[in-house]
Amino acid sequence: MKKQLLLFALVILGLQSTFAQDVYEFQIVTVIESIVPNGLGRSRMLTTNETRDYKEFTSTRTGEKDKRNKSDRGEIRVKGFDETKLLNFYNLGGIRFQNIVANDAIVTSKLNTMSSEGWELAFVNSGVESYGGKGDGNGIYVTRYTFKRKK
């Protein structure tokens, strides 16, 4: 009888852990790489060292008596962050492949460090901003690496 009770308890505990929801914390690493001609842009890898509660800067709208969130931009702004310098894709001579692989090496180092600290890469999102029309001197690649780890 004791063996049956013990087995039953183990089964119940196993089911509870199966249904328990894992809770994660997230960290985002943003890489901005300039595609501005002549090496005039700025390229950086950014990671925040501060947290913000989105609820403090959110208002709920219903269509009746809507009130806009009046948070001051200074309250939202984060001053504590890591900024890693990266190289621009272009220099005066045009596209610079050595700059691209140098950036890859630095970003890979960050990804490997995050992994060794227990972070798991969950998502990668990227986008490009560039008008591309006549005389366009603007453009960036933005890549966001979203990491998660169990709390």
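Numbered according to mature numbering (1 follows the signal peptide of the UniProt record, and there is no 0), the sequence shown spans residues -20 to -1, 1 to 131.
Here a beta-carbon is modelled for each residue, glycine too, at the ideal position from N, C-alpha and C.
Keep in mind the model is a prediction, meaning the values are calculated, not measured.
What does a CB cutoff of less than 7 Å around residue i pick up in its chain, not counting 5 residues either side in sequence?
{"i": "ALA82", "result": "LEU67"}
{"i": "THR126", "result": "PHE6, ILE8, ALA102 and PHE103"}
{"i": "GLU100", "result": "PHE127, LYS128 and ARG129"}
Quick one, which of the options has its alpha-carbon nearest residue i's?
{"i": "TYR111", "options": "VAL11, GLY74 and TYR121", "result": "TYR121"}
{"i": "ARG129", "options": "GLN(-17), GLN7, LYS(-19) and ILE75", "result": "GLN7"}
{"i": "TYR34", "options": "LEU72, VAL58, GLU63 and ILE12", "result": "VAL58"}
{"i": "GLU36", "options": "GLU44, ARG24 and ASN49", "result": "ASN49"}
{"i": "SER51", "options": "LYS90, ILE75, SER96 and ARG32", "result": "ARG32"}
Could you pull out every residue in the same chain whose Cβ sits closer than 6 Å to the Cβ of residue i, ignoring the five residues on either side in sequence?
{"i": "THR10", "result": "LEU26 and ARG124"}
{"i": "GLY60", "result": "ASN29 and GLU30"}
{"i": "THR64", "result": "MET25"}
{"i": "VAL106", "result": "Val is not the amino acid found at residue 106; the sequence shown has Ser there. Contacts found: THR123."}
{"i": "VAL3", "result": "LYS131"}
{"i": "MET94", "result": "PHE127"}
{"i": "GLY113", "result": "none"}
Within the continuous beta strand (DSSP E) that includes residue i, where are the two ends?
{"i": "ILE12", "result": "4 to 14"}
{"i": "SER110", "result": "Unbroken run through SER110: none, as it is neither H nor E."}
Could you pull out every residue in the same chain whose Cβ sits closer than 8 Å to the Cβ of residue i, ignoring the five residues on either side in sequence?
{"i": "GLU109", "result": "ASN118, GLY119, ILE120 and VAL122"}
Under 8 Å between the Cβ atoms of residue i and residue j?
{"i": "ILE12", "j": "TYR70", "result": "no"}
{"i": "LYS45", "j": "SER39", "result": "no"}
Per the DSSP calculation, residue i is bridged to which residue(s)?
{"i": "TYR125", "result": "VAL9 and VAL104"}
{"i": "ILE75", "result": "TYR70"}
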